[in-house]
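Presented below is the structure to which this report refers.
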Amino acid sequence: MASHRDLPVGLVNQLFQNTGSSSFTEFVGSYAPELLPRRGEVLATPIGDQVPHATTIVAATFAGGVVMAGDRRATSGNIISQRDVQKVFRADDYSCMGIAGTASTGIEFARLYRVELEHYEKLEGRTMSVQGKANRLATMIRGNLAMAMQGLVVVPLFAAYDPDKDEGRIFSYDVAGGPYERERYDAIGSGSIFARGSLKKLYRDGASADDMVMTLIQALYDAADDDSATGGPDVTRKIWPIVSVIDADGFRRLSEEEVSGYVQQMLDARLISPDGPIAPLR
Numbered sequence: 010m011a012s013h014r015d016l017p018v019g020l021v022n023q024l025f026q027n028t029g030s031s032s033f034t035e036f037v038g039s040y041a042p043e044l045l046p047r048r049g050e051v052l053a054t055p056i057g058d059q060v061p062h063a064t065t066i067v068a069a070t071f072a073g074g075v076v077m078a079g080d081r082r083a084t085s086g087n088i089i090s091q092r093d094v095q096k097v098f099r100a101d102d103y104s105c106m107g108i109a110g111t112a113s114t115g116i117e118f119a120r121l122y123r124v125e126l127e128h129y130e131k132l133e134g135r136t137m138s139v140q141g142k143a144n145r146l147a148t149m150i151r152g153n154l155a156m157a158m159q160g161l162v163v164v165p166l167f168a169a170y171d172p173d174k175d176e177g178r179i180f181s182y183d184v185a186g187g188p189y190e191r192e193r194y195d196a197i198g199s200g201s202i203f204a205r206g207s208l209k210k211l212y213r214d215g216a217s218a219d220d221m222v223m224t225l226i227q228a229l230y231d232a233a234d235d236d237s238a239t240g241g242p243d244v245t246r247k248i249w250p251i252v253s254v255i256d257a258d259g260f261r262r263l264s265e266e267e268v269s270g271y272v273q274q275m276l277d278a279r280l281i282s283p284d285g286p287i288a289p290l291r
């Protein structure tokens, strides 16, 4: 195809009106590929830990929805490169994604994915199904496989409210795509093994959104307690985890004041029981 700069205005308008695909990335790839991130370029040397990496994301369903939360720390090797990075992003009115791995690539992914869903909705006149959203994100991840092999790994966690089932759903991925639907809860990132262990003990079926937010705050704190790359709540700098709730009313990110309230409640309890709530044996 000739360069878009060489095409007549009428033909350009026609291209925009009849893209031939509901995928924004596919359309841009055929119309102006230089505008897309270069997923296939070969780096002189693998980047590895030289760039900031994001960790830990947790998500869990509650009665009628899903909650996702993430810590704020980004690391470059053994150095804390940023203390207030954002890792949980709104995808559309009823879904969100969290990122672990190369921070800059993950943020780029989140922005492009949001445009992808908006493009589909405008073109098709309807919202993509939850399974369709999960599959579309998997396609984008597979497109980044060449860069992942060179150290620019991004592994997202996707959560959405499904109006057909009136429930929250969670999908995880590997570097080659996926998706893999997870029941009840999941965690990604370097602190995921500790967060998942915490969730295994604290998760309760049918819990309220309020209780599930507290459960995720506890899980992130447990992850930060054992994983140096995961940041706990920074009380002196007033840096709190990012927490988002999605239900029939749509996506809502909790304000800093709301999150600080949960954190303070958790910290007060940890002064008495440093290891957190104890799950009953029976």
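Numbered by my numbering, the letters in the sequence shown go through residues 10 to 291 in order.
Each residue gets a CB set at the ideal place from its N, CA and C atoms; glycine is no exception.
Note that the coordinates shown come from a computational prediction; the quantities given were computed from them, not determined experimentally.
- request: For the stretch 71 to 89 and the stretch 119 to 129, state whether three or more C-beta atom pairs, one from each stretch, are separated by less than 8 Å.
  value: These segments do not touch.
Whole beta strand (DSSP E) elements within the stretch 145 to 190, 3-residue minimum: 163 to 171 and 176 to 183
field: Where the alpha helix (DSSP H) containing Asp195 begins and where it ends
entry: Segment Tyr194 to Ile197 is the beta strand (DSSP E) holding Asp195; no alpha helix (DSSP H) there.
message: Under DSSP, the beta strand (DSSP E) around Ala216 begins and ends at which residues?
response: It is not in any beta strand (DSSP E) - Ala216 carries neither H nor E in the DSSP assignment.
- request: Pull up the distance between the alpha-carbon of Thr114 and that of Val184, whole angstroms please.
  value: Approximately 13 Å between the Cα atoms of the pair.
- request: May I ask you to list the residues that DSSP assigns as paired with Thr84?
  value: His62 and Ile89
field: Delimiting residues of the alpha helix (DSSP H) encompassing Asp277
entry: Glu265 to Ile281
query: Skipping 5 residues on each side, what residues in its chain have a beta carbon closer than 7 Å to that of Arg193?
result: Ala69, Thr70 and Tyr212
message: Check whether chain E comes within 7 Å of Val254, counting only Cβ atoms and requiring the distance to be less than that.
response: Of the protein chains in this structure there is only one, and it is not chain E.
message: Can you tell me which residues form a DSSP beta bridge with Ser104?
response: Asp101 and Ala169
Test item: CB-CB of Asp234 and Gly200 under 7 Å: no
- prompt: What do you get for Asn87, buried or exposed, if any count of 16 or more other CB atoms within 10 angstroms of its CB means buried?
  reply: exposed
query: So what does Asp300 bridge to, in DSSP terms?
result: Outside the shown range of the chain, which is 10 to 291, sits residue 300, and nothing can be said about it.
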